[in-house]
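Position 400 of the sequence shown, counted from 1, bears residue number 403 in my numbering, the numbering being contiguous throughout. Glycine included, every Cβ here is placed at the ideal spot set by N, Cα and C. Beneath this line is the structure, given in structure tokens, with notes to follow.
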Amino acid sequence: MRRLSRFLTPLLLAATILPAAAQTARPVRVTVDAARSEGTLPPVWRFFGADEPNYATMKDGTKLLAELGKLKRNDVYFRAHNLLNTGDGTAAFKWGSTDIYNETKDGTPIYNWTNVDRIIDTYLAQGIRPYLQLGFMPEALSSAPKGTPYRHDWRPGFDYKRIMSGWAYPPKDYDKWRELIFQWTRHNVERYGRAEVERWYFEVWNEANGYYWTASPDDFYKLHDYAVDGVRRALPTARVGGPDSAGAGGAFMDGFLKHVSSGRNYATGQVGTPTDFIAFHAKGSPTFVDGHVRMGIATQLREVDRGFTKALSIPALATKPVVIGESDPEGCAACPGPENAYRNGTMYSSYTAASFARIWELAARRKVNLDGVLTWAFEFEDQPWFAGYRQLASNGIDLPVLNVFRLFAKLGNERLAATSDAQVPLDKVIAEGVRGAADVGTIATRTADGKVAVLVWHYHDDDVAGPDAAVTLAVRGVRGGGRATMWRVDRDNANAFAAWKKMGSPIAPDDAQYLLLQKASAMVPQPLTLLAGQGGATATFDLSRQGVALIVLDAR
């Protein structure tokens, strides 16, 4: 515990919300035209993931999955590493196992679906579907040199390279690797039904151009081909893709896209490999400067744009769906530290709103078929309260960032014309981040029941106090003289972390405190008065720095 406290102390100090600056609120005007459609806003936010697959079946993991499933039931996806690892199912940082594959002394395969079925059953019971990562290498198949440890001993504070161990090697027998994937896919079809499994995503490994692969790119392409062949033998209509590269992938991604489009398939000998979607990762880069966190939204957006460029680079693949298979403010969910002190409070939630808005905008500009943006954040079971990991909940209590996904879920799929006179232009955010005036931006949509939903965020890269935004919202094409409904995620609303600090940051909240934290974490709808205006309605409200709000109006 003393080792962990070395990280927690600067986190808690750095994450303390500074008193609001005694400054005049900044006037901001947001304008929405409810009669002007600007295309679609695909619900790309509905993807999540984590290194630790076994957390899904634990008490707080199952509770959080239930909340994710409610966002868009049966259309939320979860991706997990380590599903094929050998072990007893004990969860640990950046580790998990299902013991799915072993061999007898004579090399006969032994398949064990018990643990992986329990994980997938838990997903499906909560309205979530698998984004099924085929990895990592079972111990009996690993080609690791004799004496190589199979399970890594990494923990927070250690050199990240220590995660590399026997699970990260190619198979010593590619036919057995393919047969494992075939048998598992066939089992899933038999257990869950063909129509269900057809809705899943299948991809091979993770970041084979980074820390997760010990062999060459060509060896990975071979691993990928054999796995995809195993999936498609069991289910010819399965949705397969990849490679979920670290970042846009550089030369590794170039080689992968060339291989799957026109190279010789290692498993079949034919030209190309079935590819239904293309996946890469994009991360930001926060720093700790002058006693506060400074986010790196520009770093993440530049990587997104490089990934989109790769996805469009080969004409035969340019229209394929694209998934940003990990999309986050930085690269290690299990690594605490002062630069990551944004995670518990509204810095993470406002960053999420501002970054997703720009990813949507980039995809529309580049005409990318964006299908998903996967947030690599879940929960860490039985860890200290608000321990500083990148997660959506702490000890079963939702963090502010989870509420932003609830706001996303209230948006419609039809995008409406909307502008804010304080929104930082896309090109400037990509080039510089948000380092000058704060970014007070907006997205407006029409919901399935005909209402107008307007998202407004107030974001800055620097986690320091600043003036509120005094927002005037003008919506053309709706009635005034009534009320709208507003939901807030800010320093005073839907913020369990702020409530915990007001309690004195208890190490072990009691029953009564737990109920108060649960209440503090929840978004409460608030009425907002609409005044009749010329051709529409107006409303005014204040939005604190790093706050996010959603206003829903009746469009009739």
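Item                                                                                                            : Value
Residue burial classification, I510 (beta-carbon count within 10 angstroms, cutoff 16)                          : exposed
Spatial neighbours of Y153 in its chain, beta-carbon cut-off 8 Å, leaving aside the 5 residues before and after : T89, E142, S145, A147, S168, G169, W170
Of the listed residues A69, D222, T448, nearest to V478 (C-alpha basis)                                         : T448
Check whether L533 and G485 have beta carbons under 7 Å apart                                                   : yes
Span separating the alpha-carbon of D308 from that of A434                                                      : 12 Å
Candidates L458, S423, G340, A285: closest to F389 by CA position                                               : G340
Simplified DSSP state of H227, which is helix, strand or coil                                                   : helix
Residues bridged to A552 (per DSSP)                                                                             : V459, R491
Whole-Å CB distance - R132 paired with N77, under 8 Å assumed                                                   : 7 Å
K323 classed as buried or exposed, judged by whether at least 16 other C-beta atoms fall within 10 angstroms    : buried
8 Å CB neighbourhood of G253 in its chain, flanking five on each side removed                                   : N212
Straight-line Cα distance separating D514 from T543                                                             : 38 Å
Three-state secondary structure (DSSP) of L402                                                                  : coil
Three-pair Cβ contact test at 8 Å for the stretch 98–113 versus the stretch 39–56                               : yes
Neighbour-count burial assignment, E201, 16 or more Cβ in a 10 Å radius                                         : exposed
Those runs of the alpha helix (DSSP H) which lie wholly inside the stretch 156–244 and span at least 4 residues : 177–195, 197–200, 220–237
The beta strand (DSSP E) enclosing V376, as first and last residue numbers                                      : 373–378
Backbone secondary structure at K66 - three-state DSSP                                                          : helix
Segment limits, beta strand (DSSP E) that includes Y517                                                         : Unbroken run through Y517 is the alpha helix (DSSP H), 514–524; no beta strand (DSSP E).
Local Cβ density within 10 Å of Q549, reported as buried at 16 or more and exposed below that                   : buried
Cβ pair R361, L44 closer than 7 Å                                                                               : no
Where I281 sits in the DSSP three-state scheme                                                                  : strand
Top-ranked residue by Cα proximity to K313, from F255, V457, W116                                               : F255
Own chain partners of Q26 with C-beta closer than 8 Å, once the 5 adjacent residues on each side are dropped    : G469, P470
T91 - partner residues in DSSP beta bridges                                                                     : Residue identity check: residue 91 is Asp in the sequence provided, not Thr. D91 is not bridged to any residue.
Rounded separation between C335 and R393 - CA only                                                              : 8 Å
Residue interval of the alpha helix (DSSP H) (run including R309)                                               : 300–314
Range of the contiguous alpha helix (DSSP H) that encloses E364                                                 : 349–369
Presumed contact (8 Å Cβ cut-off) between L458 and L410, rounded CB distance                                    : 6 Å
Range covered by the beta strand (DSSP E) that runs through F291                                                : 290–292
When P112, F81, H463, K66 are compared against S397, the one with the closest alpha-carbon                      : K66
Endpoints, the alpha helix (DSSP H) within which A435 is located                                                : Position check: residue 435 holds Glu in this sequence, whereas Ala was assumed. Note, E435: alpha helix (DSSP H), 429–435.
Residue from G328, A285, S352 with nearest C-alpha to E306                                                      : A285
Sequence-distant residues of the same chain with beta carbon closer than 6 Å to F311, five excluded per side    : R369, V371
G244 and P220 closer than 7 Å at C-beta                                                                         : no
Member of T290, V427, D293, T278 whose CA lies at the smallest distance from the CA of L320                     : T278
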